[in-house]
Every structure is written in C-alpha cells, then in structure tokens.
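Residue numbering for the first sequence is 1 to 857, as defined by the working numbering.
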Amino acid sequence: MNSPKKTNKDGKKTSELTNKQNESIISEGDYLLLSVSYDGRNSKAVANLYDQKNIRKHYDNSGHLPYLISNLTTDEIQDRYPKVYKHEGFEKFEKVRLENLIVDKQIEMTKVIAKDPLSIGGKVNSIREVLRNNSWEDRIRYHNCYIFDKGLIPGLFYNEVNGNLVKKEFQIPEELKKQITNLFSAESDEFKNTLPKILELFFTPIPHIERLALDIEVEAPENRIPDPNEAQQPVICISFAATDGFKKVLILEREGIEEGEKIEGFNVEIQKFKEEKELLEEIFNIINNYAVTLTFNGDNFDLKYLYNRANKIFKIRKDEIPIFLGREIALLKKGIHVDLYKFFHNRAIQLSAFSNKYRRVSLDEVSKALLNSQKIELDKFISDLSYNELAYYCFHDSELTLDLTQFNNNLVMDLIILLMRISKLSMEDVTRQGISSWLKNLFYFEHRQRGYLIPNPEYILSIKGEAKSRAISKGKKYLGAIVIEPTPGVFFNVVVLDFASLYPSVIQRNNLSYETINCPHKECKTNILPNTKYWVCTRKTGLSALIIGLLKELRVKWFKLKAKDKSLSPEERNMYDVIQFALKVIVNAAYGVFGFANFPLYCPPVADATTAGGRFAIEQTIKKAKELNVEVLYGDTDSVFLYNPTKEQIDELIKWSSKELEIELDVEKNFRWVALSDRKKNYLGVYPNGAVDIKGLTGKKSHTPMFLQKLFFDLITILSEVEKKEDIEPVKEKIKKLVKNSLTKLKKKLYSLEDLAFRMVLTRSLEKYKKTTPQHVKAAKQLQDSTDIKIQAGDVIFFVKTRTSDGVKPIQLARLTDIDTKKYKQAIESTFDQVLDALGISFEELTGIRTLDFFMK
DNA sequence: AACTGTGGCCACCTCC
DNA sequence: GGAGGTGGCCACAGTT
1 MNSPKKTNKD
11 GKKTSELTNK
21 QNESIISEGD
31 YLLLSVSYDG
41 RNSKAVANLY
51 DQKNIRKHYD
61 NSGHLPYLIS
71 NLTTDEIQDR
81 YPKVYKHEGF
91 EKFEKVRLEN
101 LIVDKQIEMT
111 KVIAKDPLSI
121 GGKVNSIREV
131 LRNNSWEDRI
141 RYHNCYIFDK
151 GLIPGLFYNE
161 VNGNLVKKEF
171 QIPEELKKQI
181 TNLFSAESDE
191 FKNTLPKILE
201 LFFTPIPHIE
211 RLALDIEVEA
221 PENRIPDPNE
231 AQQPVICISF
241 AATDGFKKVL
251 ILEREGIEEG
261 EKIEGFNVEI
271 QKFKEEKELL
281 EEIFNIINNY
291 AVTLTFNGDN
301 FDLKYLYNRA
311 NKIFKIRKDE
321 IPIFLGREIA
331 LLKKGIHVDL
341 YKFFHNRAIQ
351 LSAFSNKYRR
361 VSLDEVSKAL
371 LNSQKIELDK
381 FISDLSYNEL
391 AYYCFHDSEL
401 TLDLTQFNNN
411 LVMDLIILLM
421 RISKLSMEDV
431 TRQGISSWLK
441 NLFYFEHRQR
451 GYLIPNPEYI
461 LSIKGEAKSR
471 AISKGKKYLG
481 AIVIEPTPGV
491 FFNVVVLDFA
501 SLYPSVIQRN
511 NLSYETINCP
521 HKECKTNILP
531 NTKYWVCTRK
541 TGLSALIIGL
551 LKELRVKWFK
561 LKAKDKSLSP
571 EERNMYDVIQ
581 FALKVIVNAA
591 YGVFGFANFP
601 LYCPPVADAT
611 TAGGRFAIEQ
621 TIKKAKELNV
631 EVLYGDTDSV
641 FLYNPTKEQI
651 DELIKWSSKE
661 LEIELDVEKN
671 FRWVALSDRK
681 KNYLGVYPNG
691 AVDIKGLTGK
701 KSHTPMFLQK
711 LFFDLITILS
721 EVEKKEDIEP
731 VKEKIKKLVK
741 NSLTKLKKKL
751 YSLEDLAFRM
761 VLTRSLEKYK
771 KTTPQHVKAA
781 KQLQDSTDIK
791 IQAGDVIFFV
801 KTRTSDGVKP
811 IQLARLTDID
821 TKKYKQAIES
831 TFDQVLDALG
841 ISFEELTGIR
851 TLDFFMK
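Okay, structure coming up:
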C-alpha cells in the first residue's frame, strides 16, 4: 500500500503550478475556505476555514441576513400581503435595482429580509409561501446566498483582516499571464475582462489537506445489514487511516471472540474497549482532530449509525456528538465530512472524469477500477471474525477509502478543490450534489456578482417556451445529433476528425443563453440561427455563452496542451491534467442541463439550438470533405471518419472549419484499418500499434456473459494482427478454430454457470414491471419466491438461459444441466456476426455447416 | 390446439 | 441530453 506521506519535496524547482508545498506558499494566517454553513444557534453564516490542521470558524460580522426578492413595491406588499411584515421572522424591506436579463431592463424590486432562513422558505407559512407568485430568488440555500453576496470562492485562500475575510491574491507570473492573454486577443471585451477572475481559480496553488478516513463494523446477526436508524447492534470495530500517517483500530471486546493469529505485515495499533460507550467517545475524539473526514457511504451508514447508537442507545447528549444528521446526509460540527460514495456516484465524475471505468459504485468496484486493489474477501460472517481478522478487514476499508483520494498524486482531492472553485460550492455540497447543481450555483453566483435578477424557472419557460423541433425517438423533447449511415466494409488507413467540445463551442459561437435566445429586441429577430426557428441576440453576450466559452477556451487552448507538453515536469503536467479534467467535467455538462427539466435555468430552446448548431457543423463538414474528394465513411455527432485522406486534405478541412465554422477540428485517431457494418454506433478500429477500439459491439457490453466476452476478446486479438488486406484470409482459419473450440466446450458443459451468466440491472422494483416481464425480471422473481433474498431496484441480476418454461433461471437456482445450449450458440453467432459481416465472413462459413463453398465444390 | 411469423413496444446498454 | 443497437415480450394472424 502507498505511504500516505508526501514525497520528494526537495530538489524540484518551484513553478507556478507546483502544489502541496504548503510551507513555501502558504504563510501563517492563510486559510483555505472549505465551506460556508449556517449556525442556527447564533443565527449567522459561518465560514469554515482550514489552517493547515484544524477548522477555524469565521462568523459573519456584517449582519448579513437571508432574504428573497419581490417584484411588488413595499406598499403593495403591505397592502396585499400583510402577513409578510407580520411574520415573526420578518426583519425589513429594502429597495433594490436589478437587471432582468429576459426583458433586458433594470427593474426596481423589493428585498424582503428575514431573521432566519426558515422564515424565507422551508415552512408552510414561510414568507415565500405568503408571497406566492410575487416572490423571486427564494429557493437559494442561505449558505450559498451568503457565498454569492460576499463573492466568496470556496477552495481559495483567505486572510482575516480586522475581523473580515479578505481573499489572498496569488500573483500569476507576468510572463504566463501575457502568454494566456495573447491567446485570446481576438475575443470580446467581456471575455477579456472575465478572464483574470477565472485564471485565479486555476493558478492558485492547491494545498495538501490533512484528512482522516474511517470505516465501522457492526455486529450483524445472519449477516444482515443493520438498520442505521435504529442502531440496535453494537459497533464492534472502527478503523482510521489518515494522511498524516495516523493509523488505528478500535475494537469492542466481546465474549467468545478469540484473539486470532497475527496477520503478517499488518501492524496497525489496536486498542480494545470493554465498554462500547467509551469506544464511541474515543471515536468522536479522533474525528474532532481532523478538518476533513472521509467515508464511503458515511451519510447513510457509518456516521448515521454512530450518531444513533450514541444518542438512542447510550443517551449521549446531542451536543456531545460531533455529528449532525440531515435527512440523507451526515455532517460534522467541527470539520467537513466527505462521503466518497456520493462523489463517485456522481454521473459526471463516473463518466467524464473516470470514463466509466467503474460501473457499480461500491468500495470494492471503485477501488478495483481506480486503485487496482480491492476489499478483502471474507469466508465467514463479520461477527465471527477473530479480533485480528476483524481489525485487518476493517482497516483495509479505511485504507482504500483514503487511497481513493490519494492515488495519482491526490487527483481526487485536487479535483474536489478545483470543482469547488469553479462551482462556488462548499466541499460538503460539491461532493454530494450533481452536475446540474454545480452549474446552477456557478450561474447564480455570476448573476449576483453582476446585479442580475435570478429568474424563476416558470418565468423562463413562460417566455421562451418549449423546443420547436421534434425528436426522432418518442418521449424525447427535441432533435439531437446526427449519426451518419456507415459504409459497410473494411477500410485501411482511416483518419477520424472530431470537433473539440462541439456543443460548448456552439453555445459560445452562437451566443446561446436563456436570455439571448429569442431575445426581446426587434433588430435581433432577423438573426436566425441556421437549421432552427430561433433567433439570437446581437446586442449582448449571453451569460452562459460567456462563461462556458471561457472555460472551454481555456481548456482547449491552454490546459489541455500543457498537460501534454513534454517539456514540463511530470508534476506540472499532472497538475495541468487535473485542471483540464475538472474543466472537461463542467464544460461537457453545460449543454445537457439546459435540456434537463429540473435545472432551474431549464431552457429547451437553448438545448435545441445547441444540437441544431452541432448538426449544422457536421453537415457542412461532410459537404466540404466531398468537395475535397475525401470519402466520409461514418460519423457520429461530432466526428467524421475519412477514408485514406492525404495530409493536405486533412489540413485543408481543419483550416476551413476553423475559419468558416469557427470550431476547432482535430485529428482524433488514426486507424490502420476500420471494420464497419451497416449498424450505427458500432465499429472496430485497429491502430498502427495493434491496439483496438471497439464501440457498441455486443461482445464488449457489460451484460454479455463472461465466456462470450473472453471469446470476443480472443477474436479481437486475432484480428489486431491484420496489417494489410491479404492478412484477412489466413486469419479466418484461426477464428474458425476459436469458434469450434468454444462450441465444443459449450456442448460438453465445460463452462461454469458464472461464465454463462448474463448480468443485468433491475432498474425498478419488481412490482413495477407491468407491461412486460423481461428475462432478468423473471429470474429475479424466481429468486425472490424461492429464497428469502430481498430484491431491490438497482440490484444486478445474474441469470442463465435454460430450457425451462421461463427460459431463464437465476444463477443461484440453476444447474449446468438446465442450460439451453442452442440459445448460447445463437449468442455466440450474433456477437461474432457483428464483426465478421464487416469482414465479409459469415458465421456459418466458419462453423463449417452449409457453406456455399461446400455446395459449389 | 400447437406452431410460426410479424410488428409494435419495452427494457437495457452504449455512443457521443 | 438524444440517437440507436439488441433482444425479448406480447398480441395477433395465418398456418400446420
């Protein structure tokens, strides 16, 4: 396991981006802003500052209070809604002038200020409920509201000056600043004015943050997972692993449990407790020592359990427990709790950042995918483990949890800090909330900073309406991307070009934002976007176009290039890579949120116009390619597959795109050869070095049985040896052998049930399948009926195909003799056919039955 | 009464 | 977020 201590601090030259060298960059009195919360007892916002070791609480000293905005005047409110100023939480009215972007006008509004957040909203008689449709900005969590108004940026450094928080400025080296500014000399003034504020987010060093990971084990009869709401069973073990090298296991002494053999290589200190209450108190002491505590599912289990165990069973007073429970969240009173389960569950993290490397979000799966390490497998129940075994098992989980934030040079921790800076969310929030929440917060922040009214979702919808295009698939709201009909066959020397960040580029170039699309100005109405029924503003830059454009440009023109720049040190490149990573996550999601109904700035016309711009770009590119006499074999959304183009043709196309479309087109891949069938989103490409790219093919899909995935992999290995056209024929023989072997194995029942199992996720609970009963649902039902296993939505069902009346059996109930060999033969056939038909080989020809050749000869 | 073929639809997984 | 592939379910019609 990795040593948690930071290494090599010496000898390396300091650069603008080297992080973690806290002592050389951060001076006494510098605090990193980790989060802002609301202290109900003092009725004040409080900033949680990290001072290299502990959390320092900074209470608001400006008298800032929660509020909402009303479109009514003070008199009108008093007249029509007297309950407002009679409300016990009402403080006062204030006049404000705000810019309503949708109508493009400054408007006089009333700030209704309250004594506490719940008086604004959250109760049945809150002021926002009283004011109903005359209330704005009333659904913003107060701690975020405070961040916006004070312009605080979580993840940056602050000093306390005369009791005020003052941001610490890190000077970006002049030379660097100049280089970057020069890149964007052609951009608008707004762009250039906003640039420095954004640069600060990325060039402020990211400090090392000391953190503690913990994991608890609870005595569980029959291996059932104990209910953390009741916390009936005793906590028998807890382990800690921290970045400062602290490692410890606390164990509850129980009757009949043996010491057990010492486990080799495991020498973490174990402390035993006779009384569980004392154990709990010691846990709380340790937690209080750290600014950041990490868990895997601590919100819903570990911390919740500890709290309820302490409070309900041992009657420890609430104020003596360092944990604070929300509905589905467990926070710490002194420090920050990061639940990595929630973080890794985030779809943007799973997809954009870790490109779907892990499928299910469990400590075991995520660790396997990212750390190449996994949980210790147990052959008995937790309650039956000896002390030594228990300590070893439990500690390993803490260590994995800690490692998930440490691997690859603290990638995850750095990513979290960067995402905090971009989204302006507290550490607790950014690690728990989804991408739409990040973007919401980012846009809200910018609205407040610029004096814009934050519009109500219904208001945007009432003015801008739904999308005007019709989607291809039913149930979808607007037309999406184009997928080009592939030309079937094998093609040598294929170059794939793709647009760098197509949708963000369209948003930027076409000035798309909820306020600019179908804007109120008469003269803009003729500025129709190609391929759409929308016009876009010519007077003003859209806020989302500006922000997304900036982030995208920085990523594409600076950070991405620097991450690949071999002249930089590995540490520096790594840092640049994390930054471009963070930007990618945010920028890629920007288009999707405008089409997501729960996003508060939901604006289907923006999403609609974005995909339309994408379609326009790819259509024009295909047209241009044809003009240049290059054959386009295939393309999907933002890519074109070019058949044997010359260097000149490629350059010409790239130049044309940059000039005419104003979107960067790049060479993404160079294939030695590509096999295309007539199916869209399915292909196989082989690189010059023999590496293979497989897309969409069944053999690679996660539900495909193991044996078939392996078989498919073998097929790919054989094919990757093909270098030229003549190589295809001899390869057939090899494939033939492969298939024959497998078929024999199948007939002789040499594959295990595990190998033969299909794996599918039950997306809903069993009762909810009304219209049809898919196979995995059938298997799940059998399982539930004949065993006491509870089956829930989200469970992965393992089933095999059988000759029984249902046609399937769950793996737990099946035997090898039940297997329907025919069905499996079919599965092999269809999987192989997807690749082979592109190569002009038929499956039947391979298996030697009824070949055309046989009849001919 | 038991099979076979068909089309519409559903569910899942993947691509970008 | 929409597009699109695969496989299965299900109702129905037309055989066998």
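Quick reminder that beta carbons are idealized off the backbone N, C-alpha and C, glycines included.
Residue i: buried (16+ other C-beta within 10 angstroms of its C-beta) or exposed?
i: residue 201; result: buried
i: residue 844; result: exposed
i: residue 166; result: exposed
i: residue 1; result: With a pLDDT of 35 at residue 1, under the threshold of 50, the predicted position of this residue should be treated as unreliable, and no value is reported.
i: residue 128; result: buried
i: residue 765; result: exposed
i: residue 262; result: exposed
i: residue 309; result: buried
i: residue 441; result: buried
i: residue 773; result: exposed
Per DSSP, what kind of secondary structure is residue i in: helix, strand or coil?
i: residue 538; result: coil
i: residue 87; result: coil
i: residue 412; result: helix
i: residue 761; result: strand
i: residue 810; result: strand
i: residue 94; result: strand
i: residue 247; result: strand
i: residue 3; result: Low per-residue confidence applies at residue 3: pLDDT is 36, beneath 50, and the placement is therefore not dependable enough to give any value.
i: residue 237; result: strand
i: residue 839; result: coil
i: residue 517; result: strand
i: residue 184; result: coil
i: residue 252; result: strand
i: residue 67; result: strand
i: residue 704; result: coil
i: residue 853; result: Low confidence applies here, because residue 853 scores a pLDDT of 36, under 50, leaving its location unreliable and the question unanswered by this model.
i: residue 128; result: helix
i: residue 773; result: coil
From residue i to residue j, what distance separates their C-alpha atoms?
i: residue 438; j: residue 731; result: 51 Å
i: residue 323; j: residue 68; result: 30 Å
i: residue 98; j: residue 547; result: 20 Å
i: residue 435; j: residue 448; result: 20 Å
i: residue 15; j: residue 572; result: Low per-residue confidence applies at residue 15: pLDDT is 48, beneath 50, and the placement is therefore not dependable, though the value from the model is reported in the following sentence. Their Cα atoms are separated by approximately 8 Å.
i: residue 753; j: residue 809; result: 11 Å
i: residue 139; j: residue 455; result: 11 Å
i: residue 574; j: residue 567; result: 13 Å
i: residue 802; j: residue 585; result: 43 Å
i: residue 8; j: residue 409; result: For residue 8, the pLDDT reaches just 38, beneath the cut-off of 50, and the residue's location in the model is therefore unreliable, leaving the point undetermined.
i: residue 603; j: residue 336; result: 35 Å
i: residue 707; j: residue 656; result: 48 Å
i: residue 457; j: residue 806; result: 48 Å
i: residue 481; j: residue 780; result: 36 Å
With DSSP as the reference, identify every bridge partner of residue i, one or two as the case may be.
i: residue 345; result: Bridge partners of residue 345: none, in fact.
i: residue 640; result: 497
i: residue 727; result: Bridge partners of residue 727: none, in fact.
i: residue 673; result: 492 and 686
i: residue 635; result: 484
i: residue 310; result: Its beta-bridge partners do not exist; DSSP assigns none.
i: residue 337; result: 293
i: residue 45; result: 38
Can you tell which of the options has the C-alpha that lies nearest to the C-alpha of residue i?
i: residue 792; options: 658, 293 and 767; result: 767
i: residue 400; options: 294, 409, 301 and 468; result: 294
i: residue 154; options: 36, 642, 303 and 775; result: 36
i: residue 248; options: 388, 691, 578 and 157; result: 388
i: residue 126; options: 757, 55 and 83; result: 83
i: residue 425; options: 795, 47, 29 and 823; result: 47
i: residue 663; options: 509, 291 and 57; result: 509
Please indicate yes or no: does the CB of residue i lie closer than 7 Å to some heavy atom of the ligand NAP?
i: residue 425; result: Ligands in the displayed structure: none, and consequently the ligand NAP is not present.
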